Amino acid sequence: TRFLGDPPVKVEIAEDGVRSMAIGDRRVPVDETGAFRVNFPGAGGSFRHYSIVGILRGEVPADAIRGKIVLVGPTELGIEDIRATPFSPVVPGVEVQAAAVETLLHGPFLYRSNLTTFFDMLLVLAMGLGFGATLGRLPRAVHRFEAMVLTALILIYGELQVFSRLGIQMNMLYPAVCLALTYLGVA
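Under the working numbering, think of the first position of the sequence shown as 147, with each following residue one higher.
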């Protein structure tokens with residue numbers, strides 16, 4: 147926490163798990179296990195890499211790491227510390243840790259709560275009932291298909307806007323499956 151001015155770390159425990167976590171005045175959104183969602187900056191290679199041997203031999207300028215957080219870990223593919231991220235299926239584990247540190251220090255945080263799950267279920271219900279009622283009134287199969295494609299595009303656009311503007315991760319799978327099953331059931 148030195149890079150944030152050494153603020154206190156506060157963790158509030160509830161009966162069902164971790165209720166909240168904060169680093170100074172900065173609230174970290176966590177789930178009941180205390181985990182937070184890492185906001186990955188991109189595919190592998192988003193952070194600068196230096197060889198530890200190069201650092202020890204003085205081949206890396208001291209200014210390159212002075213005053214910075216340095217994580218040491220393997221980056222070669224033959225090493226078993228490879229992880230999948232939303233941007234790439236092959237990312238060294240140390241880069242995942244770097245992304246976690248970056249998220250904690252600078253954000254932005256990603257959110258998913260019980261309220262988000264409630265809205266996901268509400269959206270599935272609305273898709274099933276609303277879309278089903280609308281499809282049943284369309285006279286031709288081609289209109290039903292067009293309505294399904296348009297609804298899917300609106301769903302994707304809306305959920306991407308919620309994610310990019312608010313950092314809230316909605317569940318896109320269940321509404322999309324509901325949309326497809328409703329279309330198949332009515333068409």
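Beta carbons are placed, not taken as given, at the ideal position from N, Cα and C, and that holds for glycine. Predicted model, so just to flag it, every value in this text is computed and none were measured.
Check for me: the alpha helix (DSSP H) holding residue i runs from which residue to which?
| i | result |
| --- | --- |
| Arg283 | Gly278 to Arg283 |
| Arg311 | Ala287 to Leu312 |
| Ala168 | No alpha helix (DSSP H) holds Ala168; the beta strand (DSSP E) holding it covers Gly163 to Ile169. |
| Glu178 | Element bounds for Glu178: n/a, residue is neither H nor E. |
| Ile159 | Premise fails: Ile159 lies in the beta strand (DSSP E), Val155 to Ala160, not in any alpha helix (DSSP H). |
| Ala189 | Run containing Ala189: none; DSSP gives neither H nor E here. |
| Asn260 | Asn260 to Ala272 |
| Ala210 | Counting along the chain, Ala210 falls outside any alpha helix (DSSP H), and DSSP gives it neither H nor E. |
| Thr363 | Within the shown structure, residues of the chain are numbered from 147 to 333, placing residue 363 beyond reach of any answer. |
| Gly204 | Segment: none, Gly204 is in no alpha helix (DSSP H) and carries neither H nor E. |
When the distance is taken between beta carbons, is residue j closer than 9 Å to residue i?
| i | j | result |
| --- | --- | --- |
| Leu301 | Met318 | yes |
| Leu261 | Met316 | no |
| Ile356 | Ile211 | There is simply no residue 356 to check, as the chain begins at 147 and stops at 333 in what is shown. |
| Val237 | Ala189 | yes |
Pull up the distance between the alpha-carbon of residue i and that of residue j, whole angstroms please.
| i | j | result |
| --- | --- | --- |
| Phe186 | Thr221 | 17 Å |
| Val240 | Ser197 | 13 Å |
| Ala272 | Val206 | 58 Å |
| Ala244 | Glu158 | 25 Å |
| Arg229 | Ala279 | 44 Å |
| Val218 | Thr297 | 47 Å |
| Phe233 | Pro285 | 42 Å |
| Gly313 | Arg173 | 14 Å |
| Arg283 | Ala160 | 50 Å |
Just to check my reading of the structure: residue i and residue j have Cβ atoms closer than 8 Å, yes? What is that Cβ distance to the nearest angstrom?
| i | j | result |
| --- | --- | --- |
| Leu256 | Arg183 | 4 Å |
| Ala281 | Ala293 | Note on residue identity: the sequence assigns Leu, not Ala, to residue 281. The Cβ separation is near 6 Å, so the contact holds. |
| Phe277 | Leu325 | 6 Å |
| Val323 | Arg290 | The pair is not a contact, with the Cβ atoms about 17 Å apart (cut-off 8 Å). |
With a threshold of 16 other CB atoms inside 10 Å of the CB of residue i, please say whether the residue is buried or exposed.
| i | result |
| --- | --- |
| Asp177 | exposed |
| Leu250 | buried |
| Pro321 | buried |
| Asp171 | exposed |
| Asp209 | exposed |
| Asp127 | Since the first residue shown for the chain is 147 and the last is 333, residue 127 is missing from the structure and cannot be characterised. |
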